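Comments concern the structure below.
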Amino acid sequence: MNTGKTNLASLSIDELYFKKKEYKNDVLGLGLLMLAVGLTTIILSIIAKNYALIAVGVLGLEPGVRNLTRLNQVNKAIKSRYAA
């Protein structure tokens, strides 16, 4: 059963560099968008004095953390290939 996750050890170095480029684009594009939306939500919730929305704004930043984690895993896999 394919869960959508790729085993980084089974990829070639060219495929790892492609994944790195792909994840870096995801971090830049989606990360900047989610950062803007999250900060806007936090600021507007403070202005409207609806403090429950602060949690929504903070949780909106979470996909960026996942993307950074994936990018870090690919970078570690590339470094381990050159160290071996």
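Be aware that the sequence shown starts at 1, since it is given in UniProt numbering, and climbs by one per residue.
For glycine and all other residues, C-beta sits at the position ideal for the given N, C-alpha and C.
All figures in this text were calculated on a predicted structure; none of them were measured in a lab.
Reduced DSSP secondary structure (H/G/I, E/B, other) of A52
Locating residue 52 in the sequence shown gives position 52, where the first residue counts as 1. The answer is coil: DSSP assigns A52 none of H, G, I, E or B.
Does N67 come out as helix, strand or coil in the three-state DSSP assignment?
On the sequence shown, position 67 is the one that residue 67 refers to. If DSSP states are grouped into helix, strand and coil, N67 belongs with the helices.
Assuming G64 and L28 make a contact with CB atoms under 8 Å, what is their CB distance in whole Å?
As a first step, residue 64 is located in the sequence shown; it is residue number 64 there, counting from the start. As a first step, residue 28 is located in the sequence shown; it is residue number 28 there, counting from the start. About 10 Å separates the two Cβ atoms, so there is no contact after all.
Whole-number beta carbon distance between L16 and I78, since they are thought to touch under 8 Å
Locating residue 78 in the sequence shown gives position 78, where the first residue counts as 1. Locating residue 16 in the sequence shown gives position 16, where the first residue counts as 1. Between L16 and I78 the Cβ distance is about 5 Å, and since that is below 8 Å, they are a contact.
Going by beta carbon distance, what residues of the same chain come within less than 7 Å of L61, once the five residues before and after it are set aside?
Start at 1 with the first residue of the sequence shown, and residue 61 comes out as number 61. Answer for L61: M34, L35, G38, listed in chain order.
Return the CA-CA distance between V56 and I42, expressed in angstroms with no decimal places.
The sequence position of residue 56 within the sequence shown is 56, counting from 1. The sequence position of residue 42 within the sequence shown is 42, counting from 1. Approximately 8 Å between the Cα atoms of the pair.
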